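Residue numbers (our numbering), protein chains in the order written: chain A, 1 to 329; chain B, 330 to 658.
Number of protein chains: 2
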Amino acid sequence: MDPSQVKIPPVKDLTIDNITENVILINSLCKDPRMKYVLERLVTHLHDFARETRLSSNEWMAGINFLTETGKICTDVRQEFILLSDVLGLSLIVDSIDHPKPPNSTEGTVLGPFHTHEAPTITQGEDISHDADGEPLLVVCNVKDRAGNPLNGVKIDIWETDSSGHYDVQHADRSGPDGRGVILSDENGEFWFKAIKPVPYPIPHDGPVGKLLEKLHRHPYRPSHMHFMFEKEGYDHLITSLYLRNDPYETSDAVFGVKNTLVVDLGKVDSALAAKYGIAEGSWLMTYDFVLVTDMETSELRAYNSQMALEKLGRKVRIVNGLPIPDLD
Amino acid sequence: MDPSQVKIPPVKDLTIDNITENVILINSLCKDPRMKYVLERLVTHLHDFARETRLSSNEWMAGINFLTETGKICTDVRQEFILLSDVLGLSLIVDSIDHPKPPNSTEGTVLGPFHTHEAPTITQGEDISHDADGEPLLVVCNVKDRAGNPLNGVKIDIWETDSSGHYDVQHADRSGPDGRGVILSDENGEFWFKAIKPVPYPIPHDGPVGKLLEKLHRHPYRPSHMHFMFEKEGYDHLITSLYLRNDPYETSDAVFGVKNTLVVDLGKVDSALAAKYGIAEGSWLMTYDFVLVTDMETSELRAYNSQMALEKLGRKVRIVNGLPIPDLD
Chain A
1 MDPSQVKIPP VKDLTIDNIT ENVILINSLC KDPRMKYVLE RLVTHLHDFA RETRLSSNEW
61 MAGINFLTET GKICTDVRQE FILLSDVLGL SLIVDSIDHP KPPNSTEGTV LGPFHTHEAP
121 TITQGEDISH DADGEPLLVV CNVKDRAGNP LNGVKIDIWE TDSSGHYDVQ HADRSGPDGR
181 GVILSDENGE FWFKAIKPVP YPIPHDGPVG KLLEKLHRHP YRPSHMHFMF EKEGYDHLIT
241 SLYLRNDPYE TSDAVFGVKN TLVVDLGKVD SALAAKYGIA EGSWLMTYDF VLVTDMETSE
301 LRAYNSQMAL EKLGRKVRIV NGLPIPDLD
Chain B
330 MDPSQVKIPP VKDLTIDNIT ENVILINSLC KDPRMKYVLE RLVTHLHDFA RETRLSSNEW
390 MAGINFLTET GKICTDVRQE FILLSDVLGL SLIVDSIDHP KPPNSTEGTV LGPFHTHEAP
450 TITQGEDISH DADGEPLLVV CNVKDRAGNP LNGVKIDIWE TDSSGHYDVQ HADRSGPDGR
510 GVILSDENGE FWFKAIKPVP YPIPHDGPVG KLLEKLHRHP YRPSHMHFMF EKEGYDHLIT
570 SLYLRNDPYE TSDAVFGVKN TLVVDLGKVD SALAAKYGIA EGSWLMTYDF VLVTDMETSE
630 LRAYNSQMAL EKLGRKVRIV NGLPIPDLD
């Protein structure tokens, strides 16, 4: 195309007061109504942020440099922008929007940057940890639908750190996956496996995000937890974690993942359980009843929540595939 | 420090509705009141953006990838985040905040990414361009204060592209600076030099920002212009440009730099001027009267504008060094 021939709303003589409407106007050439709406809100908030803070050139330049360094440190195994999204609470919001939970279902929480696709498939009772320094833990759980029916054949992806607070991928010299397993629930919706008691650990804090936390006087620690991801045809993916009560970081998680309903008290394996599950008496015991939500329930709830949120905003929008776009009719 | 001992407001059981106040609460540990305020507004707008768009996980991930690519493409001579700030209109806002202009003074505009510190010092009448393909241009200007007094010894940094629309630094095989000069105004506030008629050109559009513009159906062109930067002790830096009237991109500048008062009509050099300035009769002629603002006027106006903007917001803040911080008294 000859760009000078594109029909464009005339934009000239811009001031701090009229630039927002003019940038939105020129962006409205976009053919994708959803992208147009996302950009409209992005530009509005970006501009309001600068106007409300009276952002100085030096601060703006510090921001440019921060974003540049954040991009530079990213590699195939390190995503500093996701970490930034996590510590600013954005990741939790996006998860809440995409995976809303009705009452009496298990809440989701942040995925974090350490999920991999190389976890070995395990059978009931196997040990996911090879860490001899960890405190032995028996995990006995079940998974149901909201009506209380056990769900058979749910694929459950589990991952945790070793006893030093590092995921397997954080060890440069690792020989293979550790602290990970993928297991299927049985006909009673049950699944059980051996692991180690989770420990608290810091998120990677030797980069720009770590420096930001330091300036904010925030610590980089996450409370002890174990990750669970549930998949079954017809049900919304559930990405969640269980947290240990009374962890020193229980109320100050660096990535805002803790929810009351996901905090558990560990028990101890008694002699009957020890015999049944083949683990030493006195080992730690973690139990939980997970509840999945159907795809249909989730998508209805997502659309309903969108409608409510946009009504608050007083904007004329339509909801298409659960996502709002401007309503021009 | 032992991070578990830091006194932290308890943060737990976060939802999409209460996370913003909780992230702000934990960030309020920050000892720098200005940074605390900037982060408070950043978190508020970031969260509202996600809530109002109902940002999906896929869109969030697309954003993460876009920012990562934008960081990756940055080099010592390419700053893609500044380009992003330019095409989103943010750069213009920051310039307006930091360098507010009272009536009867020359307006500023975007610096752009092509200013360098290697321009040669030139004397009155010298030619800043070595491009034989450019159309010869005589520039005759003066610079005054707001009372109309000529300003002597103002340092004026000038830069423009060659006739192909490229700055010198964009040519990998360049032998030295071209299209640049630093000149001093004389005792009458006057300065004149030879150059070439500016031409329109595209901003670098082979990276993430170019892809974004394409998706938005926006062209990457800037209208023909020449950059000027003025420095004199006691006066606010003036970063501005002169634009040629009737340029095809005059009303659709990709970086929103054009202002009515900075658009000029080129004239033609007559025989008298040709003899006086030693340039061929019929060459292009550009004239302009620049007006600088004192540091004191600027800083008073900046503080006043901040006060007005924050009153609109209904926030209790104090203005310190022209910048707002929360007022806790």
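Even glycine gets a Cβ: it sits at the ideal position worked out from N, Cα and C. Quick caveat, the model's predicted, so the values are computed rather than measured.
Check whether chain A comes within 9 Å of Tyr321/B, counting only Cβ atoms and requiring the distance to be less than that. Outside the modelled stretch of chain B, which goes from 330 to 658, sits residue 321/B, for which no answer is possible.
For the structure I just gave you, are there three or more beta carbon pairs, one from the stretch 550-570 of chain B and one from the stretch 380-398 of chain B, closer than 8 Å? no
I want to verify the contact list: residues of chain B whose CB lies under 8 Å from the CB of Tyr201/A, in sequence order. Residue numbering aside, residue 201/A sits at position 201 when the first sequence is read from its first letter. Those do not exist, as Tyr201/A stays about 12 Å from chain B at its closest Cβ, beyond 8 Å.
Which residues does DSSP pair with Ser570/B in a beta bridge? Sequence index remark: in the second sequence, residue 570/B carries index 241 (1-based). DSSP output for Ser570/B lists His556/B as bridge partner(s).
Are the stretch 80-99 of chain A and the stretch 297-308 of chain A in contact at 8 Å, needing three or more beta carbon pairs? yes
Could you tell me if His449/B is buried or exposed, where buried requires 16 or more neighbouring beta carbons within 10 angstroms of its beta carbon? As a position in the second sequence, residue 449/B is number 120, starting the count at 1. As written in the sequence, residue 449/B is Pro, which differs from the His given in the question. When all chains shown are included, Pro449/B counts as exposed.
Identify the continuous beta strand (DSSP E) that holds Asn471/B and give its terminal residues. On the second sequence, position 142 is the one that residue 471/B refers to. Unbroken beta strand (DSSP E) run through Asn471/B: Pro465 to Lys473.
Lys72/A, enclosing alpha helix (DSSP H) - first and last residue: Counting from 1 along the first sequence, the entry for residue 72/A is found at position 72. From DSSP, the alpha helix (DSSP H) with Lys72/A extends over Ser57 to Lys72.
Nearest to Trp389/B (by Cα), restricted to the options Gly179/A, Met61/A, Asp48/A and Val38/A: Residue mapping note: residue 389/B aligns to position 60 of the second sequence, counting from 1. Checking every option, the nearest Cα to that of Trp389/B belongs to Val38/A.
Is it the case that the stretch 125-133 of chain A contacts the stretch 187-201 of chain A, given that we only count it when at least three CB pairs across the two stretches are under 8 Å? yes
Short-range partners of chain A found in the stretch 378-391 of chain B, where Cβ spacing is below 8 Å: Phe378, Ala379, Arg380, Glu381, Thr382, Arg383, Leu384, Ser385, Ser386, Glu388 and Trp389
First and last residue of the uninterrupted alpha helix (DSSP H) at Ile355/B: As a first step, residue 355/B is located in the second sequence; it is residue number 26 there, counting from the start. Segment Ile348 to Asn356, the alpha helix (DSSP H) holding Ile355/B.
In the structure shown, what three-state DSSP assignment does Asp13/A receive? By 1-based counting over the first sequence, the position of residue 13/A is 13. Of the three classes helix, strand and coil, the one that applies to Asp13/A here is coil, per DSSP.
Quick one: is Asp462/B buried, meaning 16 or more other Cβ sit within 10 Å of its Cβ, or exposed? Numbered from 1 along the second sequence, position 133 holds the residue referred to as residue 462/B. Exposed, since its Cβ has fewer than 16 Cβ neighbours within 10 Å.
For Glu562/B, list the residues DSSP reports as bridge partners. If you number the second sequence from 1, residue 562/B lands on position 233. None, per the DSSP bridge assignment.
Does the CB of Asp624/B have a neighbour CB from chain A at under 9 Å? Taking the second sequence and counting its residues from 1, the one referred to as residue 624/B is at position 295. No, no contact with chain A.
Name, in chain order, the residues that DSSP records as bridge partners for Glu190/A. If you number the first sequence from 1, residue 190/A lands on position 190. In DSSP, Glu190/A forms a bridge with Asn142/A.
Return yes when the Cβ of Lys473/B is within less than 9 Å of the Cβ of Leu571/B, no when it is not. Along the second sequence, read from residue 1 onward, the residue named residue 571/B stands at position 242. Along the second sequence, read from residue 1 onward, the residue named residue 473/B stands at position 144. Not in contact: Leu571/B and Lys473/B (Cβ atoms no closer than 9 Å).
Which whole-angstrom value is the C-beta distance of Leu652/B and Ser56/A, which I expect to be below 8 Å? Taking the first residue of the second sequence as 1, we reach residue 652/B at position 323. Taking the first residue of the first sequence as 1, we reach residue 56/A at position 56. At roughly 6 Å, the Cβ-Cβ gap stays under 8 Å, so Leu652/B and Ser56/A are in contact.
What's the C-alpha gap between Val263/A and Ala280/A? Taking the first sequence and counting its residues from 1, one reaches residue 263/A at position 263. Taking the first sequence and counting its residues from 1, one reaches residue 280/A at position 280. C-alpha separation (whole angstroms): 25 Å.
Excluding sequence positions up to five away, which residues of its chain have a Cβ less than 6 Å from the Cβ of Asn188/A? As a first step, residue 188/A must be located in the first sequence, where it is residue number 188. Correct list, in chain order: Pro150.
Local Cβ density within 10 Å of Gly643/B, reported as buried at 16 or more and exposed below that: Locating residue 643/B in the second sequence gives position 314, where the first residue counts as 1. Gly643/B is exposed by the Cβ-count criterion.
Would you say Ile326/B lies against chain A (beta-carbon separation less than 9 Å)? Lying outside 330 to 658, the shown extent of chain B, residue 326/B is not represented and no answer is given.
If distances are taken between C-alpha atoms only, which option among Val209/A, His217/A and Val23/A comes closest to Asn356/B? Locating residue 356/B in the second sequence gives position 27, counting from the first residue. Ranking the options by Cα distance to Asn356/B, first place goes to His217/A.
So Lys259/A contacts chain B; which residues on that side make the cut at Cβ distance below 9 Å? Here residue 259/A refers to the residue found at position 259 when the first sequence is read from its first residue. Going along chain B in sequence order, the residues near Lys259/A (Cβ under 9 Å) are Lys341, Asp342, Leu343 and Thr344.
If I'm right that Thr287/A touches Val140/A with Cβ under 8 Å, what's the distance once you round it to whole angstroms? If you number the first sequence from 1, residue 287/A lands on position 287. If you number the first sequence from 1, residue 140/A lands on position 140. Rounded, the Cβ-Cβ distance is 5 Å, consistent with contact.
Which of the three DSSP states, helix, strand or coil, is assigned to Asp2/A? Working through the first sequence from its first residue, we reach residue 2/A at position 2. Any reading at Asp2/A must be qualified, since the residue scores a pLDDT of 46, below 50, and its modelled position is unreliable; no value is offered.
Can you pull the chain B residues whose beta carbon is under 9 Å from the beta carbon of Ser306/A, in chain order? Sequence index remark: in the first sequence, residue 306/A carries index 306 (1-based). Chain B residues near Ser306/A: Arg383.
C-beta neighbour in chain A for Ser581/B, strict 9 Å: Within the second sequence, residue 581/B is the residue found at index 252, counting from 1. Yes, its Cβ sits closer than 9 Å to a Cβ of chain A.
First and last residue of the beta strand (DSSP E) that includes Arg509/B? What you label residue 509/B is simply residue 180 of the second sequence in a count that begins at 1. Note, Arg509/B: beta strand (DSSP E), Arg509 to Leu513.
Can you list, in chain order, the residues of its chain whose CB lies under 7 Å from that of Ile654/B, leaving out five sequence neighbours each side? The residue you call residue 654/B lines up with position 325 of the second sequence. For Ile654/B, where only same-chain residues beyond five positions count, the Cβ hits under 7 Å are Pro362, Arg363, Tyr366, Val646 and Arg647.
Cβ of Asn22/A within 9 Å of any chain B Cβ: For the purposes of this step, residue 22/A is taken as the residue at position 22 of the first sequence. Chain B, which has a Cβ nearer than 9 Å to the Cβ of Asn22/A, makes this yes.
Any contact between the stretch 265-272 of chain A and the stretch 168-187 of chain A? By contact I mean 3 or more CB pairs, one from each, below 8 Å. no
Does the beta carbon of His546/B sit closer than 9 Å to a beta carbon anywhere in chain A? Taking the first residue of the second sequence as 1, we reach residue 546/B at position 217. At least one chain A Cβ lies under 9 Å of His546/B.
My output table needs one value for Ile451/B: the three-state DSSP class, helix, strand or coil. Indexing the second sequence from 1 puts residue 451/B at position 122. Coil.
Can we say the stretch 417-425 of chain B touches the stretch 75-92 of chain A, given the rule of at least three CB pairs closer than 8 Å? no
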